[in-house]
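As structure tokens, the structure follows; a few thoughts come after it.
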């Protein structure tokens, strides 16, 4: 892939200077950039590294003196990190699966596959499934009975879409993600060990989990438009109705979403997050890596939960939560500070006690 | 699928009232139920929601006035959540893989596949493997050399069963689970960094992990009957003998079971739990989501471990453990309470000190 | 597989006693060993268990009286746990995939596959990919466009190698691992909720994540030689340059490595570890199970991080870190101790206060 500075500038609505006809093949770190690369030097530190590489052209902050940096051309980008989104989109190379069905794919005769969809080797599309216009299944993808994959979606290798699951348009689902496994839902005939432990603090004799009955998952999963689901992530079906992931929400790798969960729109769930059954996550919530949300908990819109936090109770919109169990940030930080000072506090108490004991007899 | 109220009542041993010939196609939330659904309204709150839906029939608590709710028929269920198990079982739709071998499956000539087993597209059954009566491999399933899958088991898409692994009868294994990867077991020629850190608190020069030798996993995995293993979960082989999962134990998604671990019968391991090598988990233990158990630790039967807990030492039967490092519940809660009060305690100490300092000269 | 005591002794450079011609088929626990097994009894406790089994021969500590134990032969091993590495290697049985391409595999005509490579059923090797000499792809493996798999590497069932990813020589990659999914990298046009929460502790109105722009991953992943990657683990591509895993590094199951991360040589990352984007892990670092490392954090060489720790700031070489947020071990232990004593401390303060209050009026 080769693009001229002029082409990139036009696509990103950016200013260009110098020789706009110079072609580049990829953006690169300034110290590693070769003569065919567009070096990215958005601040003074990175501009200083240009000398270590061999770039002829670079993307620079507005107003930078490109000639003084020894360049032959430059792009000027206002909000660098955001510009990176547009820039990397120009150079992205999606998997090269040809339009049509690979001879080593299997598609049930009752499935509906759009004529311009791309079905790679060893994909299995079961009865009644629907693959939308321009969608791509890379290889080894499973699409279950009566499931649907929206227009323009990209399902990478080994993705499993369960029966009756609905994936919206323009989804990107990374390798080996599983959408639509059964929920983890078992009951004991009478109140069991967990209920006993929560209420009495003990596991009473009668509360031992001697038998576990399975609650089957009759619901499926509904995934909105423009959703991204990371490698190895798992989203379970609902019990009666569907588990839901809102439009524009992004899940990182190895994320677990339990049965009946509703995740709002525009959320970001970082790697290894776990959301237990029936939790409700509002719009635009951010859950940091390895954070957990207990079952039936509601987290209000625009909340930010720190990495490794464990959210065990409801949180209003715009909460900022830290720790396990998670607390509002200010409270969590003050407890953390107080704990750090705890050895000194204990020392103070010891000396007060000594003084008081010493003072006692003589006072 | 269509069932009459009478058929459901008979299957669940429940009372029925009104028109027992009315057919329903699925159970549903009362507010969302249509005229072909069985609304589930097990308490007053859900009964009040019936008016929002269009259900003609509902499952109600014993003694509820179904006519006053505008219904044409009703089922009466004594222990609602437990009844849900039986009810959802009636309406469950397992994957529709036909009996026999899909033409796009590959089965080694030396493998033994029961005549009524169902082998879906792109399944690979290696030499000497055995697939039991009535078992189903949905699609893309791998069964390694000399491995066996018990009667009536259901292996979803992308499940990997390693060589010589034995899966019992009636297992349900969700997509992309891995049973029988090698254990994570490496040794240094002399005591290494971890041993040094544990004993001296430092990593001594001689203890740096300059070379790592691999201990191969010669054992396999033995999984009992009636076990469920969640999507993406991993169970490693044992070093000499097998890693073992007891009868009736249920694992949620993305659970990790290390080499040589023994998990008892009737356990429930919630999502993203990790059990390190050689740990022993007693019967009917419940491990909450994202909990961890350190290597060689023993947890006694009927214990309940809270979500996110980290169990680093042995625990007697019926332990209830919280926190990381995990402590008995009462101790953990009292520490948590004391920590919450820490800022106030520090304030008290400050004022005592001031008073004592002030009192000193004048006393 | 049958080996004589003499053959094993020669391979491990060990001493042998008694009948060196006795053949064994596997090493086994002394209590479980049959007449064809080599019992492992490296200490007094295990030697005492020999009587429970039926072993004719055993591996013993140097100097043990094998005749008194009723054995017909013995091997003497100096450093038992390290010897186990060599011993298990002799009896290891790798997957039996024949040399060549399975008829149910698909290899693009432009891919280069070494003549002695082993490509199992349902493997997909895309355009321009390269499979090295003696490499094995077990089954259902995906190798993306222009990716390469080094000589002698073993890729188990369902492994996904993304486009342009490079895997070194002698890698062992366990089932369903994903090397080369896209990084999780999204930006808001102006500073978003996370930045707002970090700087002000609140999510300001203007900071709500109303739109998320995707930064595409143009880099790939470079994995060194002699690396092992566990089942279900995920390594994301870099944004511009490659994410890197150093030579000899071992990853356990369900480990997450974010985009741009550099993991050094000889590291051990235990199960369910998460390393966020752009973190740098030095050589020979050990990360305990479920530990997390925040984005952009640097951990110096030879550091040891405890299970479940959360490393949020840079750590010098040979750090030993515990807790979340992680602290140097001595500090973490002293805080833990002080916290455990907190209820007693509060009691002391209460009594001091009482005494002082009582003393006040009369003083």
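Residue numbers (the working numbering), protein chains in the order written: chain A, 99 to 461; chain B, 99 to 461; chain C, 99 to 461. Glycine residues also receive a C-beta, built at the ideal position from the N, C-alpha and C atoms.
Using the Cβ count rule (16 or more neighbours within 10 Å means buried), how would you classify residue 201(C)? Against the third chain, residue 201(C) aligns to sequence position 103. Exposed.
Which stretch, first to last residue, makes up the beta strand (DSSP E) that contains residue 420(A)? Taking the first chain and counting its residues from 1, the one referred to as residue 420(A) is at position 322. Counting along the chain, the beta strand (DSSP E) containing residue 420(A) begins and ends at 418-420.
Can you look up residue 354(B) in the DSSP assignment and give me helix, strand or coil? Locating residue 354(B) in the second chain gives position 256, where the first residue counts as 1. If DSSP states are grouped into helix, strand and coil, residue 354(B) belongs with the strands.
Using a Cβ cut-off of 8 Å (strictly closer), state whether residue 297(A) contacts chain B. One-based indexing of the first chain puts residue 297(A) at position 199. For residue 297(A), the answer is no, since every Cβ of chain B falls outside 8 Å of its Cβ.
I'd like the span of the beta strand (DSSP E) that includes residue 124(A), first residue to last. To locate residue 124(A), count along the first chain from 1; it is residue 26. Boundaries of the beta strand (DSSP E) harbouring residue 124(A): 124-126, taken from the DSSP string.
At least one CB of chain B closer than 8 Å to the CB of residue 402(A): is that the case? Here residue 402(A) refers to the residue found at position 304 when the first chain is read from its first residue. False, the Cβ-Cβ gap to chain B never drops below 8 Å.
Would residue 163(B) be called buried (16 or more neighbouring beta carbons within 10 Å of its own) or exposed? Residue mapping note: residue 163(B) aligns to position 65 of the second chain, counting from 1. Exposed: under 16 other Cβ atoms inside 10 Å.
C-beta neighbour in chain D for residue 314(A), strict 8 Å: This model lacks chain D altogether, as its protein chains are A, B and C.
Looking at the C-beta of residue 179(B), does it have a partner C-beta in chain A at a distance below 8 Å? Sequence index remark: in the second chain, residue 179(B) carries index 81 (1-based). Taking Cβ atoms only, chain A reaches closer than 8 Å to residue 179(B), which makes this a yes.
Where the beta strand (DSSP E) through residue 475(A) begins and ends: Because chain A here runs from 99 to 461, residue 475(A) falls outside it and cannot be looked at.
Considering only residues of the stretch 236-308 of chain C, which uninterrupted beta strand (DSSP E) runs meet the minimum length of 3 residues and lie entirely inside it, listed in chain order? The stretch 236-308 of chain C contains these whole beta strand (DSSP E) runs: 276-279.
Under 8 Å, do residue 364(B) and residue 341(B) count as touching if we go by C-beta distance? Along the second chain, one-based indexing puts residue 364(B) at 266. Along the second chain, one-based indexing puts residue 341(B) at 243. No, the pair does not count as a contact, with Cβ atoms beyond the cut-off.
Which residue marks the beginning of the alpha helix (DSSP H) containing residue 338(C), and which one marks its end? Within the third chain, numbered from 1, the residue matching residue 338(C) stands at position 240. For residue 338(C), no alpha helix (DSSP H) run applies, since DSSP gives it neither H nor E.
Candidates 276(A), 155(A), 440(A), 180(A), of which the one nearest residue 470(C) by Cα: In this structure chain C extends from 99 to 461, so residue 470(C) is not present and cannot be described.
Enclosing alpha helix (DSSP H) for residue 429(C) [first to last residue]: For the purposes of this step, residue 429(C) is taken as residue 331 along the third chain, with counting starting at 1. DSSP places residue 429(C) in the uninterrupted alpha helix (DSSP H) bounded by 427-438.
Three-state secondary structure assigned by DSSP to residue 159(A): Here residue 159(A) corresponds to residue number 61 of the first chain, with the count starting at 1. Here residue 159(A) sits in strand by DSSP.
Chain C contact for residue 81(A) (CB, 8 Å cutoff): The question about residue 81(A) has no answer, for chain A in this structure spans 99 to 461.
Within 10 Å of its beta-carbon, does residue 230(C) have 16 or more other beta-carbons around it, so buried, or fewer, so exposed? Working through the third chain from its first residue, we reach residue 230(C) at position 132. By the neighbour-count definition (other C-beta atoms within 10 Å, threshold 16), residue 230(C) is a buried residue.
Do the stretch 175-193 of chain C and the stretch 202-209 of chain C touch if we need at least three Cβ pairs shorter than 8 Å? Verdict: no, contact absent.
Taking buried to mean at least 16 other C-beta atoms within 10 Å of its own C-beta, is residue 432(A) buried or exposed? In the first chain, residue 432(A) corresponds to position 334, counting from 1. Here residue 432(A) is exposed, its C-beta having fewer than 16 other C-beta atoms within 10 Å.
Report the three-state DSSP secondary structure of residue 446(A) (helix, strand or coil). Position 348 of the first chain, counted from the first residue, corresponds to residue 446(A). Three-state DSSP puts residue 446(A) in a helix.
Got a sec: is the Cβ-Cβ distance from residue 385(C) to anything in chain B below 8 Å? What you label residue 385(C) is simply residue 287 of the third chain in a count that begins at 1. With 8 Å as the cut-off, residue 385(C) does not count as an interface residue toward chain B.
Go ahead and label residue 297(B) buried or exposed: buried means 16 or more other beta carbons lie within 10 angstroms of its beta carbon, across all protein chains shown. Here residue 297(B) is taken as the residue at index 199 of the second chain, counted from 1. So residue 297(B) counts as exposed.
C-beta atoms of residue 216(B) and residue 197(B) nearer than 8 Å: For the purposes of this step, residue 216(B) is taken as residue 118 along the second chain, with counting starting at 1. For the purposes of this step, residue 197(B) is taken as residue 99 along the second chain, with counting starting at 1. Going by beta carbons, residue 216(B) and residue 197(B) fall inside the 8 Å limit.
Straight-line gap, residue 103(B) to residue 141(B) (C-alpha atoms, nearest Å): In the second chain, counting from the first residue as 1, residue 103(B) sits at position 5. In the second chain, counting from the first residue as 1, residue 141(B) sits at position 43. Approximately 20 Å between the Cα atoms of the pair.
Would the stretch 429-444 of chain B and the stretch 443-453 of chain C be scored as touching if the rule is three or more Cβ pairs under 8 Å? With the cut-off at 8 Å, the stretch 429-444 of chain B and the stretch 443-453 of chain C touch.
Between which two residues does the alpha helix (DSSP H) carrying residue 189(A) extend? In the first chain, residue 189(A) corresponds to position 91, counting from 1. For residue 189(A), the uninterrupted alpha helix (DSSP H) segment begins and ends at 178-189.
Residues near residue 185(B) by beta carbon distance below 6 Å, same chain, minus five either side: The residue labelled residue 185(B) in the question sits at position 87 within the second chain. Answer for residue 185(B): 125, listed in chain order.
From the DSSP output, which residues share a beta bridge with residue 143(C)? By 1-based counting over the third chain, the position of residue 143(C) is 45. Beta-bridge pairing links residue 143(C) to no other residue.
What are the residues of the stretch 410-433 of chain C that lie near chain B, defined by any Cβ-Cβ distance shorter than 7 Å? From the stretch 410-433 of chain C, only 416, 418, 427, 428 have a Cβ closer than 7 Å to chain B.
Cutting at 6 Å between CB atoms, please list the residues of its own chain near residue 451(B), excluding the five before and the five after it. Taking the first residue of the second chain as 1, we reach residue 451(B) at position 353. Closer than 6 Å at the Cβ level, and outside the excluded window around residue 451(B), lies no residue.
Would you mind telling me which residues of chain B sit closer than 7 Å to residue 376(A), beta carbon to beta carbon, in chain order? Position 278 of the first chain, counted from the first residue, corresponds to residue 376(A). Result: empty, since nearest Cβ-Cβ is about 12 Å, beyond 7 Å.
Starting from residue 238(C), find everything on chain A with Cβ-Cβ shorter than 7 Å and list it in chain order. In the third chain, the residue the question calls residue 238(C) occupies position 140. Listed along the chain, the chain A residues whose CB falls inside 7 Å of the CB of residue 238(C) are 238.
So which residues of chain A does residue 447(C) contact, with C-beta pairs closer than 7 Å? Against the third chain, residue 447(C) aligns to sequence position 349. Within 7 Å Cβ-Cβ: 447.
Ends of the alpha helix (DSSP H) at residue 172(B)? Here residue 172(B) corresponds to residue number 74 of the second chain, with the count starting at 1. Looking at the DSSP string, residue 172(B) is not in any alpha helix (DSSP H); the run it does join, the beta strand (DSSP E), is 171-175.
Neighbourhood of residue 131(B) by C-beta distance below 7 Å, restricted to the same chain and skipping five residues each side: Taking the first residue of the second chain as position 1, residue 131(B) is located at position 33. Here the set comprises 137, 151, 152, 153.
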